[in-house]
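In the numbering used here, the protein residues as written are 513 to 857.
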């Protein structure tokens, strides 16, 4: 695949990432780091390829077993993108990093931010690779914009769940996590949001409010849901009630996995896609300007290392079944407020 944009000083693009841009640390995961790119205009030029693009720079970390960025981009364009409307996806494209100088500068930025990095990420560095990604920036454009980030997770019950299940797959998984962490104090577990409620909340004002409050609580910049601007809060409620992106995501999850992890073939492309769709992130931006639309886009739709992941997925499914987490049989029991439990109760 030919990259859409070149950062290096090549005949097709005279700009140099090393000479024209500054990098600020934004965040990271186990396999990737993300930087804000500030295009320099010290030379009086305003035609930098990054000027005003609204993109972040995503780069792979050294020592991971993830797919190359070329493979990730090919998968996203060929397999993921056709499932959604363009407005539903965080857009990204390949970018040539420009050599060792840029890699060294990015690693220097990581080193300078070592004290604020997560403990298990400290010391990790950017890989010496040719390509990174320019990723659409879904952060605030205005300081008063309301921005939210959440994982929709499994919007359909696992095909392997017992017929007597009173929890969906995600609520069962959350119950396991909190049961392991708070065995003697289940009441101390934080509230668990059932993802099935996303698709039915339009018919329940109480559920709409519950979801909106939960999403607002995930934003560290919001002291409490009550401090959200009333007009933006109402627009968030309206988005939850009318959006189509989560319904489209649910339909894609359902269409691509009818067997579940326990009967899955690691080489089945549909199951592979389903697991990618179950691990994505949804970014929502509610502008302070009421004339601008609410934006909601899916990201982190990367191709998984399925040969490595399948064993983990199957082991987790067995643990949920054998431990009684689908049926709420763990002791002490963890409260989940799952939609399935409320229906059966």
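A virtual CB, placed ideally from N, CA and C, is assigned to each residue, including glycine.
Inter-residue spacing [alpha-carbon to alpha-carbon] between residue 806 and residue 834 | In this model, residue 806 and residue 834 are separated by some 43 angstroms (Cα to Cα).
With a CB to CB cut of under 6 angstroms and the five nearest residues on each side skipped, what residues in its chain are close to residue 769?
-> Closer than 6 angstroms at Cβ, skipping near neighbours: 783, 786.
For the putative contact between residue 824 and residue 687, defined by C-beta atoms under 8 angstroms, what is the C-beta separation to the nearest angstrom?
-> Rounded to the nearest angstrom, the Cβ distance from residue 824 to residue 687 is 18 angstroms, too far for a contact under 8 angstroms.
Same chain, Cβ closer than 7 angstroms to residue 681, neighbours up to 5 away in sequence not counted = If we look at residue 681 and ignore the five residues flanking it on each side, its Cβ neighbours are 666, 669, 670, 673.
Can you give me the start and stop residues for the alpha helix (DSSP H) that residue 601 sits inside?
-> That residue, residue 601, is in no alpha helix (DSSP H); it is neither H nor E in DSSP.
Could you tell me which of 781, 808, 845 sits nearest to residue 858, measuring between CA atoms?
-> Residue 858 lies beyond the stretch modelled for the chain, which goes from 513 to 857, so this question has no answer here.
Contacting residues, own chain, Cβ-Cβ under 6 angstroms from residue 656 (five flanking each side not counted) | So the qualifying residues of the chain are 800.
Please report how far the alpha carbon of residue 579 lies from the alpha carbon of residue 733, in whole angstroms.
-> In a straight line, the C-alpha of residue 579 is about 33 angstroms away from that of residue 733.
Neighbourhood of residue 712 by C-beta, 8 angstroms cutoff - its chain only, sequence neighbours within 5 removed = Cβ within range, chain order: 719, 851.
Taking C-beta to C-beta, are residue 796 and residue 744 nearer than 8 angstroms?
-> In this structure, residue 744 does not lie closer than 8 angstroms to residue 796 by Cβ.
May I ask you to report which of helix, strand or coil DSSP gives residue 795?
-> In the structure shown, residue 795 falls within a strand segment according to DSSP collapsed to helix, strand and coil.
When the Cα atoms are used, what is the spatial distance from residue 828 to residue 619?
-> Between residue 828 and residue 619, the C-alpha separation is close to 35 angstroms.
Going along the chain, which residues of its own chain have a beta-carbon closer than 7 angstroms to the beta-carbon of residue 626, five neighbours each way excluded?
-> A distance below 7 angstroms between beta-carbons, with the five flanking residues on each side excluded, links residue 626 to the following residues of its chain, in chain order: 634.
Assigned exposure category for residue 762 - 16 Cβ within 10 Å defines buried = Burial call: buried.
Opening and closing residue of the alpha helix (DSSP H) in which residue 843 lies = It is not in any alpha helix (DSSP H) - residue 843 carries neither H nor E in the DSSP assignment.
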